[in-house]
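Here the protein sequences come in this chain order: A and B. Numbered continuously in this note's numbering, the first sequence closes out at residue 170. Numbered continuously in this note's numbering, the second sequence closes out at residue 340. In this text, a Cβ means the ideal position worked out from N, Cα and C, and glycines have one as well. So the structure is just underneath, and the comments pick up after that.
Protein chains: 2
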Amino acid sequence: NAPPVRGVAIDRSQARLGIRHIPDRPGMAAQIFALLAQHRISVDTIVQSQRCQVIGGFASRDIACTIARADAPEAEKILTKVASDWGLGEIAIDTDIAKVSIVGAGMIGHPGVAAKMFAALAREQINIQMIATSEIKITCVVAESEGVKALKIIHEAFDLGGEGRIEIPA
Amino acid sequence: NAPPVRGVAIDRSQARLGIRHIPDRPGMAAQIFALLAQHRISVDTIVQSQRCQVIGGFASRDIACTIARADAPEAEKILTKVASDWGLGEIAIDTDIAKVSIVGAGMIGHPGVAAKMFAALAREQINIQMIATSEIKITCVVAESEGVKALKIIHEAFDLGGEGRIEIPA
Ligand SMILES: C[C@@H](O)[C@H](N)C(=O)O
Ligand SMILES: C[C@@H](O)[C@H](N)C(=O)O
Chain A
1 NAPPVRGVAI DRSQARLGIR HIPDRPGMAA QIFALLAQHR ISVDTIVQSQ RCQVIGGFAS
61 RDIACTIARA DAPEAEKILT KVASDWGLGE IAIDTDIAKV SIVGAGMIGH PGVAAKMFAA
121 LAREQINIQM IATSEIKITC VVAESEGVKA LKIIHEAFDL GGEGRIEIPA
Chain B
171 NAPPVRGVAI DRSQARLGIR HIPDRPGMAA QIFALLAQHR ISVDTIVQSQ RCQVIGGFAS
231 RDIACTIARA DAPEAEKILT KVASDWGLGE IAIDTDIAKV SIVGAGMIGH PGVAAKMFAA
291 LAREQINIQM IATSEIKITC VVAESEGVKA LKIIHEAFDL GGEGRIEIPA
């Protein structure tokens, strides 16, 4: 019976790109990510959640994604340039992040795996800034200085063996 | 050279559970998901993005996740019960959703895959409500009535063969 979680990874080579107040109508996400792709900027994690705001009468949402830290200045520049024409709000870059992920097969079938990862981080007072999940991966973004501590505490919490850790340095 | 996208799936058996204005300090996500797990409620996709608000002097974030539609009434009930003690904002359920996902190996290495999926949806005027990604999967939540149209347009956009579609009915 394979344990639901088989490894934990940390990636400190990324930055968070946040785009606020995107008009919530079809085509906006497409436009933003097409622009990044045209500039050869690979996007790793993308999260978009509930409507945050009704600004000036129309609904908008925020999107956050992670990109290579080296691409952050260009991403910020190209999006800031179109922000006013496209009706976007603030474009923000945060390079002070570490992306910590647990991987395993079929975690969906195990209620409590996400809670256990979050609880491990909470025990070390590590604040969770961003979350994205799939059946085989749960990703949390934390402050970069907390990355190694996060890796260790999750490693312990899930009893991972020597080969259970993967590090991508900054 | 395997195409980055090998299939598209639709799941109409889920509901979105949204929890607003969660005090942004360690332990809150853990507490919420531990409660759901205690009630045997499996959570599929979880997204948490930027800080939305500073409410009454402290920062808060929203979390959205998807759960089985059958679990929605109980999830809403148990979270509404603790909302005031835990300082949570509104607990909202939306059953009118379809979760559409594209799967493939190494999509991260292909800038533009996400943009292409979003553009396909935009062509049919389908609004994207929620987004979560990993290297092998990009998930969009759309209105349930748009689900089948979304499946078809993505299928076409990525030139998927007959075996490229998976449906999980409501
Ligand atoms: C906000 C953005 O995702 C928009 N809803 C779209 O479909 O493009
Ligand atoms: C909002 C919630 O994710 C909080 N930051 C936590 O770490 O639990």
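- For B:D181, no chain A residue has a C-beta closer than 7 angstroms to its own C-beta; the minimum C-beta separation is roughly 11 angstroms.
- CA-CA distance, B:A207 to A:M107, rounds to 12 angstroms.
- Around the C-beta of A:A105, fewer than 16 other C-beta atoms lie within 10 Å, and the residue is accordingly described as exposed.
- The beta strand (DSSP E) runs lying completely inside the segment 218-262 of chain B and spanning 3 residues or more are 228-238, given in chain order.
- In terms of Cβ geometry, B:L187 and B:A245 form a close pair [threshold 8 angstroms].
- In the displayed model, B:G317 falls within a helix according to three-state DSSP.
- Taking all protein chains shown into account, A:V103 has 16 or more neighbouring C-beta atoms within 10 Å of its C-beta and is therefore buried.
- Near ligand 2, residues with a Cβ at less than 5 angstroms from any of the ligand's heavy atoms are A:N127, A:I128, B:I192, B:D194, B:P196, B:M198, B:A199 and B:R231; the list follows chain order.
- Within the same chain, Cβ atoms closer than 6 angstroms to the Cβ of B:A268 are found at I180, R182, V312, E314 and G317, the five residues on either side in sequence being excluded.
- A:V100 and A:A150 do touch by the CB rule: their CB atoms are close to 5 angstroms apart, below 8 angstroms.
- For B:A302, the uninterrupted beta strand (DSSP E) segment begins and ends at M300 to S304.
- Ranked by how close their Cα comes to the Cα of A:A119, the residues B:S254, B:G226, B:A199 and B:I189 have B:A199 in first place.
- For the options A:A64, A:M117 and A:A15, the alpha carbon positioned closest to that of A:E156 is the one of A:M117.
- Put simply, the backbone Cα of A:K77 is about 21 angstroms away from that of A:Q48.
- Residue pairing from DSSP places B:G177 in a beta bridge opposite B:V273.
- Here B:H209 carries a coil assignment [DSSP, helix/strand/coil].
- Residues of chain B whose Cβ lies closer than 7 angstroms to the Cβ of A:R40 are, in chain order, P281.
- Residue range Q184 to P193 is occupied by the beta strand (DSSP E) that includes B:L187.
- As DSSP reads the structure, B:I267 sits in a beta bridge with B:A313.
- Proximity of chain A to B:F328 at the Cβ level (cut-off 7 angstroms) is not reached, the minimal Cβ distance being about 14 angstroms.
- Counting only residues of its own chain and dropping the five nearest sequence neighbours on each side, A:R25 has no CB closer than 6 angstroms to any other CB.
- Classified as buried, B:V213 has 16 or more neighbouring CB atoms from the shown chains inside 10 Å of its CB.
- Judged by their CB atoms, B:I189 and B:D255 are not nearer to each other than the 8 angstroms cut-off.
- The CB of B:T303 comes closer than 7 angstroms to the CB of T45, I46 and A132 in chain A, given here in chain order.
- Around the CB of A:K81, fewer than 16 other CB atoms lie within 10 Å, so the residue is classed as exposed.
- Listed in chain order, the positions of the segment 288-301 of chain B with a beta carbon within less than 9 angstroms of a beta carbon of chain A are F288, A289, A290, L291, A292, R293, E294, Q295, I296, N297, I298, Q299, M300 and I301.
- In this structure, the straight-line span from the alpha carbon of A:P4 to that of A:G87 is close to 43 angstroms.
- An exposed status is given to B:Q295, since fewer than 16 other beta-carbon atoms sit within 10 Å of its beta-carbon.
- In the structure shown, A:I32 adopts helical secondary structure according to DSSP, grouped into three states.
- Annotated three-state conformation of A:I138 is strand, per DSSP.
- Secondary structure at A:I153: helix, using DSSP grouped into helix, strand and coil.
- Closer than 7 angstroms to some heavy atom of ligand 1: that describes the Cβ of B:F288.
- Comparing C-alpha distances from B:A185 to each of B:N297, B:A262, B:P193 and B:P281 shows the shortest one belongs to B:A262.
- Sequence-ordered contacts of the segment 89-109 of chain A with chain B read A92, S101, I108 and G109 [C-beta pairs closer than 9 angstroms].
- The continuous alpha helix (DSSP H) containing A:F118 extends over residues V113 to R123.
- A distance of 8 angstroms or more separates the beta carbons of B:G259 and A:A122.
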